[in-house]
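Below is one structure; the comments refer to it alone.
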Amino acid sequence: MSLASTITTFLIDVSPSMGALRTVAEDVEDADDQEETTRLDEGDRVRAEDGMDGELNDGHGPKRTSGEWKVRERETSNLQWACEFVGRRVQTYVHAGLKTGKVCLITYGSATTNNAVAGDGTTKQEYLGINEMFSPAQPDLNTCELVRALRASKDSEEPHRADPLDALIAAICTLTDKDRGGINSSSKNTWSRTIYLITDAMTKFNQDDSALIQQRLEEENIQLKVIGIDFDDEGFGYVEEDKPSTKAKNEQFWHDFLSRVPGSGIATAADVIEQTHMPQLAPKKSAAQNATLTFGDPEEQHLSQEVLGIAVVLYKATTLVRPMSAKKLSKIAQQSAAGKAEMERAAQLKIEPSSAPKLQPNQELEGSNPAFIDSEAHAMSYGVDMVRKYFILDEIRQLPEEEMDSAQPLPEGSEENFIKAWKLGKSHIPVEQVQDVVFATQAGLEIIQFHNREQLRRWFVMGETSYVLASPGNGEAQLKISALVKAMIELGKIALVRNVKKRDADPKLAALIPIPKDPESGSEADHFVYAEVPFANDFKRLIFPPLEYVVDRNGVEHREHHLLPTREMQSAMDDLVDSMDLMEAYEEPDG
Numbered sequence: 001m002s003l004a005s006t007i008t009t010f011l012i013d014v015s016p017s018m019g020a021l022r023t024v025a026e027d028v029e030d031a032d033d034q035e036e037t038t039r040l041d042e043g044d045r046v047r048a049e050d051g052m053d054g055e056l057n058d059g060h061g062p063k064r065t066s067g068e069w070k071v072r073e074r075e076t077s078n079l080q081w082a083c084e085f086v087g088r089r090v091q092t093y094v095h096a097g098l099k100t101g102k103v104c105l106i107t108y109g110s111a112t113t114n115n116a117v118a119g120d121g122t123t124k125q126e127y128l129g130i131n132e133m134f135s136p137a138q139p140d141l142n143t144c145e146l147v148r149a150l151r152a153s154k155d156s157e158e159p160h161r162a163d164p165l166d167a168l169i170a171a172i173c174t175l176t177d178k179d180r181g182g183i184n185s186s187s188k189n190t191w192s193r194t195i196y197l198i199t200d201a202m203t204k205f206n207q208d209d210s211a212l213i214q215q216r217l218e219e220e221n222i223q224l225k226v227i228g229i230d231f232d233d234e235g236f237g238y239v240e241e242d243k244p245s246t247k248a249k250n251e252q253f254w255h256d257f258l259s260r261v262p263g264s265g266i267a268t269a270a271d272v273i274e275q276t277h278m279p280q281l282a283p284k285k286s287a288a289q290n291a292t293l294t295f296g297d298p299e300e301q302h303l304s305q306e307v308l309g310i311a312v313v314l315y316k317a318t319t320l321v322r323p324m325s326a327k328k329l330s331k332i333a334q335q336s337a338a339g340k341a342e343m344e345r346a347a348q349l350k351i352e353p354s355s356a357p358k359l360q361p362n363q364e365l366e367g368s369n370p371a372f373i374d375s376e377a378h379a380m381s382y383g384v385d386m387v388r389k390y391f392i393l394d395e396i397r398q399l400p401e402e403e404m405d406s407a408q409p410l411p412e413g414s415e416e417n418f419i420k421a422w423k424l425g426k427s428h429i430p431v432e433q434v435q436d437v438v439f440a441t442q443a444g445l446e447i448i449q450f451h452n453r454e455q456l457r458r459w460f461v462m463g464e465t466s467y468v469l470a471s472p473g474n475g476e477a478q479l480k481i482s483a484l485v486k487a488m489i490e491l492g493k494i495a496l497v498r499n500v501k502k503r504d505a506d507p508k509l510a511a512l513i514p515i516p517k518d519p520e521s522g523s524e525a526d527h528f529v530y531a532e533v534p535f536a537n538d539f540k541r542l543i544f545p546p547l548e549y550v551v552d553r554n555g556v557e558h559r560e561h562h563l564l565p566t567r568e569m570q571s572a573m574d575d576l577v578d579s580m581d582l583m584e585a586y587e588e589p590d591g
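Here the sequence shown stands for residues 1 to 591, numbered as in my numbering.
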């Protein structure tokens, strides 16, 4: 889903029981640098895996040599293990860089109190120990560091009682308080708000006000997801043996509680952490495109019974998803004197691991602005802003090489007076405005003709595909679409259509492939699949010479020739192709 207009709150249990140690098994690559990797501590290991070791590099670190995969065990606390999920979720927001994508971090069960209900801790004793570490805002690298530095409370700190329902009330108050970064109730349907409650359910708490909290979550349209440490999950294949009675009762309470909260769910921590290591696919919600499917003159569809007109809607079946764009960094700026000074100052900032971590500027930086330090020092990335300037080529050629940097660009806005031109040899032929032909088109989906389905080659289909269905609530359109689909299937036909999305837009050529109603295969109604195809002028047949022999001018075939690969070359290429077969890259544990 899109991260725009979303607020994700992580409500984390930091009670002493979350500090219990556990052994985690993970698949690692036995490469040349594996021995060096095993010497990393817990924080450095997570930082290296996440690709957030000082710079925003989208998780793409230096390339490692390939090796065999093996299982490695490491020891970590329940809290640090669960924070792997939190850290990766926060990292997606940092990579997206959306101002309307906000994150909130709240802990409960610590000795520190800072929340929307208790304030400084002088009132409402039940909300003590709830610490709002990061109010709803756009996260940065500092936020990732806060998550990594989070540790469970110790009994020596005398932490307050960990009550998840009280913490849930404080989180709801924060999400509905605009002064603290939340939103008003009037925007609850335009923003998506989700609370992830992470707990081991080992602490008893008061459950009397659960019905009121359920009602408030539903009224504010807030989703609640509970992630439990070692919760039973038959779908994931895990059931904890010898479960403590307190944990069993609390786990059952959350199942009952969430069953009456729309859009909520519960999962075991092992499942969600495993999913964070998988490629995250963001499904796109397709917006309906209204159109009129016509056969005949579209302008006479309301005047003549010989013109077919059907109200339809188009939904995207596939959409283009581009990889995350790389961020350009300036090595020169990083190595400059100012850059070194900022790096030294950032190195003096540290986050001490605790149940309430926060940035602590070094005492030597008292003269600096703390606000600048907190927000800028760790977020240094030396990003490059691309600026385009125009020069006159003849003037550039007349300058000596050592004076190239002193060339004066054209004033800003000069490109508005430029004229398009075609290059012909060494000359440029101006393109007059009258040559830019604009076709007057009308929006619509017009059937040009019908073809045999066998004539549609698979390589003709290019670009994105869509579903074409009858307009919802229009019984007449549904009957017409159903009849047309059945007739085309019976005759083995497809329809060639001309699609114009809006007035005066460029027309597209596409094929409508009929799909019958088949509930077993997921087709709930008769409809078409819309697939763009090339125009006849764009389709070209190219004939390539054979790869196994060469024909000379006399028509004689030669099986051995300097233009043909030798047997050694063919064998090397065969080995290369076979080595790229991923089906036998490594053996899965399940076989």
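Even glycine gets a Cβ: it sits at the ideal position worked out from N, Cα and C.
Residue i and residue j closer than 7 Å at C-beta
| i | j | result |
| --- | --- | --- |
| ALA477 | ALA317 | no |
| ASP13 | GLY129 | no |
| THR107 | ASN142 | no |
| GLY97 | PRO136 | no |
| THR276 | PHE85 | yes |
| VAL461 | ALA510 | no |
| LYS420 | VAL438 | no |
| ASP504 | THR441 | yes |
| THR9 | SER192 | no |
| ALA116 | ASP177 | yes |
| ALA20 | ASN78 | yes |
Reduced DSSP category for residue i - H, G, I as helix; E, B as strand; rest coil
| i | result |
| --- | --- |
| ILE543 | coil |
| GLY87 | helix |
| HIS95 | helix |
| LEU424 | strand |
| SER192 | strand |
| PHE460 | helix |
| MET18 | helix |
| ARG148 | helix |
| VAL550 | strand |
| PRO62 | Note that PRO62 scores a pLDDT of 44, beneath 50, so its modelled location is shaky and nothing firm can be said. |
| LEU563 | coil |
| PRO323 | coil |
| VAL103 | strand |
| VAL272 | helix |
Backbone CA spacing between residue i and residue j [nearest angstrom]
| i | j | result |
| --- | --- | --- |
| VAL71 | VAL24 | 10 Å |
| ASN537 | GLY463 | 17 Å |
| LYS102 | ALA171 | 14 Å |
| ASP581 | PRO279 | 20 Å |
| ALA211 | ARG88 | 32 Å |
| TRP254 | ILE266 | 8 Å |
| LEU410 | LYS389 | 7 Å |
| ARG247 | LYS204 | Before going on, a small fix: residue 247 reads as Lys here, not Arg. Approximately 8 Å, taken between the alpha carbons. |
| HIS95 | GLU401 | 41 Å |
Close-in-space but distant-in-sequence residues of the same chain around residue i (CB under 7 Å, 5 per side omitted)
| i | result |
| --- | --- |
| SER482 | ASP526 |
| ILE396 | ALA407 |
| LEU576 | none |
| VAL90 | VAL103, PRO139, THR143, CYS144, VAL147 |
Chain-order list of residues whose beta-carbon lies under 6 Å from that of residue i (same chain, five-residue window excluded)
| i | result |
| --- | --- |
| PRO353 | ALA149, ARG151 |
| ALA269 | ALA82, ILE227, ILE229 |
| GLY121 | Caution applies to GLY121, whose pLDDT of 47 falls short of 50 and renders its modelled position unreliable; the value that the coordinates give is listed next. Cβ neighbours of GLY121 beyond the five flanking positions: THR113, LEU128. |
| ASN290 | VAL313 |
| LEU293 | ILE310, VAL312, LEU445 |
| SER2 | none |
Opening and closing residue of the alpha helix (DSSP H) in which residue i lies
| i | result |
| --- | --- |
| PRO215 | Pro is not the amino acid found at residue 215; the sequence shown has Gln there. From DSSP, the alpha helix (DSSP H) with GLN215 extends over 210 to 219. |
| GLU395 | 393 to 398 |
| PRO164 | 164 to 175 |
| LYS247 | 245 to 258 |
| THR268 | Run containing THR268: none in the alpha helix (DSSP H); it sits in the beta strand (DSSP E), 265 to 268. |
| VAL577 | 567 to 579 |
Limits of the unbroken beta strand (DSSP E) element including residue i
| i | result |
| --- | --- |
| GLN449 | 444 to 452 |
| ILE222 | 222 to 228 |
| GLN289 | 289 to 295 |
| ASP13 | 6 to 13 |
| VAL533 | From DSSP, VAL533 is part of no beta strand (DSSP E); its letter is neither H nor E. |
| MET133 | 130 to 137 |
| SER466 | 465 to 470 |
| ARG498 | 493 to 500 |
| LEU314 | 308 to 316 |
| PRO596 | The requested residue 596 is not part of the displayed model; the chain covers only 1 to 591. |
Close-in-space but distant-in-sequence residues of the same chain around residue i (CB under 8 Å, 5 per side omitted)
| i | result |
| --- | --- |
| LEU258 | LEU224, VAL226, SER264, GLY265, ILE266 |
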